[in-house]
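A.B. asks:
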Amino acid sequence: MRILVVDDDAQIIRAMRINMRARGYEVDTAGDGASALQAAATRPPDVVLLDLGLPDMEGGEVIEGLRAWTSVPVIVLSARHSSSEKVRSLDAGADDYVTKPFGMDELMARIRAAQRRSVQAEEAPVVATAAFTVDLGAKRVTRGDEEVRLTPTEWHILEVLARNAGRLISQRQLLHEVWGPNYQSETNYLRVYMAQLRRKLEPDPAHPSCLITEAGMGYRFEKG
Numbered sequence: 001m002r003i004l005v006v007d008d009d010a011q012i013i014r015a016m017r018i019n020m021r022a023r024g025y026e027v028d029t030a031g032d033g034a035s036a037l038q039a040a041a042t043r044p045p046d047v048v049l050l051d052l053g054l055p056d057m058e059g060g061e062v063i064e065g066l067r068a069w070t071s072v073p074v075i076v077l078s079a080r081h082s083s084s085e086k087v088r089s090l091d092a093g094a095d096d097y098v099t100k101p102f103g104m105d106e107l108m109a110r111i112r113a114a115q116r117r118s119v120q121a122e123e124a125p126v127v128a129t130a131a132f133t134v135d136l137g138a139k140r141v142t143r144g145d146e147e148v149r150l151t152p153t154e155w156h157i158l159e160v161l162a163r164n165a166g167r168l169i170s171q172r173q174l175l176h177e178v179w180g181p182n183y184q185s186e187t188n189y190l191r192v193y194m195a196q197l198r199r200k201l202e203p204d205p206a207h208p209s210c211l212i213t214e215a216g217m218g219y220r221f222e223k224g
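Counting in the UniProt record's numbering, the sequence shown runs from 1 upward without gaps.
And the structure:
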């Protein structure tokens with residue numbers, strides 16, 4: 001299990017290397033975005049821990065660079081606490097966001113969760129509906145012979161629903177899965193993204209047959 005730690009703070013790099021190696025992980029480090037992208041390409045990690053404030057580029061650019069070719073889990077570690085920063089990072093393709101300072105026990109739990117999601121994705125099935133097909137392993141959606149382009153957040157929402165086809169997923173659960181445990185009441189986020197998904201996937205977005213809203217409760221994915 002290899003972890004790539006990307007941070008320009010030498011003390012954090014040293015502390016993370018010691019803690020991760022003590023827990024049995026191999027650790028690579030990078031102090032800027034360009035080195036991080038090169039390290040990830042040379043020795044592909046299983047998880048990336050990424051600071052946003054790098055000297056040569058923003059962390060969001062690093063995420064976009066990684067997402068151009070890999071689905072490796074990316075956990076942002078940042079002192080930036082604003083919701084807008086978290087949303088930007090998650091929309092860019094980050095899997096999780098942890099604010100500094102943080103406890104190692106919490107971080108290790110987040111890493112284990114990211115690992116589990118990654119393994120599940122590799123073993124994931126293809127979910128087919130009458131209108132579109134979701135390949136959970138390849139992170140790909142098609143309508144007929146054409147691929148449908150989704151943003152990372154749109155994909156994350158669809159993935160949670162498709163993995164639980166036929167089950168009601170509460171608004172709070174979906175917010176937690178996609179945006180993190182600090183999100184509980186931002187249901188407007190869900191309405192906006194569900195509307196976007198329906199426009200891209202449903203034959204009749206005004207009368208969806210697959211992406212179903214259960215008023216006041218949550219959402220359900222039906223294969224139809």
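C-beta atoms are modelled at their ideal positions from N, C-alpha and C, and glycine is treated no differently.
1) For residue 125, verify whether its CB is less than 6 Å away from any heavy atom of the ligand NAP.
2) Do residue 48 and residue 107 have their C-beta atoms within less than 7 Å of each other?
3) Measuring CB to CB, does residue 51 end up less than 7 Å from residue 96?
4) Is the stretch 23-34 touching the stretch 54-62 in the sense that three or more CB pairs, one from each, lie closer than 8 Å?
5) I need the straight-line Cα distance from residue 228 to residue 72, nearest angstrom please.
6) Are residue 56 and residue 39 closer than 7 Å when you measure CB to CB?
7) I need the boundaries of the beta strand (DSSP E) containing residue 85, first residue and last residue.
8) Taking only runs of the beta strand (DSSP E) that begin and end inside the UniProt domain "OmpR/PhoB-type" (124-223), which ones reach a length of at least 3 residues, in chain order?
9) Put residue 96 into one of helix, strand or coil per three-state DSSP.
10) Taking the continuous alpha helix (DSSP H) assigned at residue 35, which residues delimit it?
11) Distance, Cα to Cα, residue 135 vs residue 188?
12) Which residue marks the beginning of the beta strand (DSSP E) containing residue 21, and which one marks its end?
13) When burial is assigned at 16 or more other CB atoms within 10 Å of the CB, is residue 132 buried or exposed?
14) Could you tell me which of 1, 90 and 201 sits nearest to residue 143, measuring between CA atoms?
15) Between the Cα of residue 178 and those of 156, 99 and 18, spot the shortest distance and give me the residue it belongs to.
16) Taking the straight line between their C-alpha atoms, what separation do you get for residue 209 and residue 198?
17) Once you ignore the five residues that flank residue 170 on each side, which residues in its own chain have a CB closer than 8 Å to its CB?
18) Tell me which residues share the same chain as residue 193 and place their Cβ nearer than 7 Å to its Cβ, disregarding the 5 neighbours each side in the sequence.
19) Is it right to say residue 86 is buried, meaning 16 or more other beta carbons lie within 10 angstroms of its own, or is it exposed?
20) How is the alpha helix (DSSP H) around residue 62 delimited, first residue to last?
C.D. replies: Judging by the given coordinates:
1) You won't find the ligand NAP in this model; it holds no ligand whatsoever.
2) Walking along the sequence shown from the start, residue 48 turns up at place 48. Walking along the sequence shown from the start, residue 107 turns up at place 107. Between residue 48 and residue 107, the gap from beta carbon to beta carbon reaches 7 Å or more.
3) Translated into the one-based positions of the sequence shown, residue 51 becomes position 51. Translated into the one-based positions of the sequence shown, residue 96 becomes position 96. No, the pair does not count as a contact, with Cβ atoms beyond the cut-off.
4) By the C-beta criterion, the stretch 54-62 is judged to be in contact with the stretch 23-34, since at least 3 inter-stretch pairs fall below 8 Å.
5) In this structure the chain extends from 1 to 224, so residue 228 is not present and cannot be described.
6) In the sequence shown, residue 56 corresponds to position 56, counting from 1. In the sequence shown, residue 39 corresponds to position 39, counting from 1. Not a contact, by the Cβ cut-off of 7 Å.
7) Here residue 85 corresponds to residue number 85 of the sequence shown, with the count starting at 1. Counting along the chain, no beta strand (DSSP E) covers residue 85; the unbroken alpha helix (DSSP H) around it starts and ends at 83-92.
8) Counting whole runs of 3 or more residues, the UniProt domain "OmpR/PhoB-type" (124-223) contains the beta strand (DSSP E) stretches 126-128, 133-135, 140-143, 168-170, 211-214 and 218-221.
9) Translated into positions along the sequence shown, residue 96 becomes position 96. Strand at residue 96.
10) To locate residue 35, count along the sequence shown from 1; it is residue 35. Note, residue 35: alpha helix (DSSP H), 33-42.
11) In the sequence shown, residue 135 corresponds to position 135, counting from 1. In the sequence shown, residue 188 corresponds to position 188, counting from 1. Put simply, the backbone Cα of residue 135 is about 27 Å away from that of residue 188.
12) Counting from one through the sequence shown, the residue named residue 21 turns up at place 21. First-last for residue 21: 10-22, but that is the alpha helix (DSSP H), not the beta strand (DSSP E).
13) Reading the sequence shown from its first residue, position 132 is the one you call residue 132. Answer is buried; the Cβ neighbour count reaches 16.
14) Numbered from 1 along the sequence shown, position 143 holds the residue referred to as residue 143. Taking residue 143 as reference, the option from 1, 90 and 201 with the minimal CA-CA separation is 201.
15) Position 178 of the sequence shown, counted from the first residue, corresponds to residue 178. Of 156, 99 and 18, the residue nearest in Cα terms is 156.
16) Working through the sequence shown from its first residue, we reach residue 209 at position 209. Working through the sequence shown from its first residue, we reach residue 198 at position 198. Approximately 10 Å between the Cα atoms of the pair.
17) Translated into positions along the sequence shown, residue 170 becomes position 170. Within the same chain, 217 and 218 come within 8 Å of residue 170 by CB-CB distance, once the 5 residues on both sides are set aside.
18) Position 193 of the sequence shown, counted from the first residue, corresponds to residue 193. So the list reads 153, 154 and 157, once near-sequence residues are dropped.
19) What you label residue 86 is simply residue 86 of the sequence shown in a count that begins at 1. Buried, by the Cβ-count rule.
20) Residue numbering aside, residue 62 sits at position 62 when the sequence shown is read from its first letter. Taken as a continuous stretch (DSSP letters only), the alpha helix (DSSP H) holding residue 62 covers 59-67.
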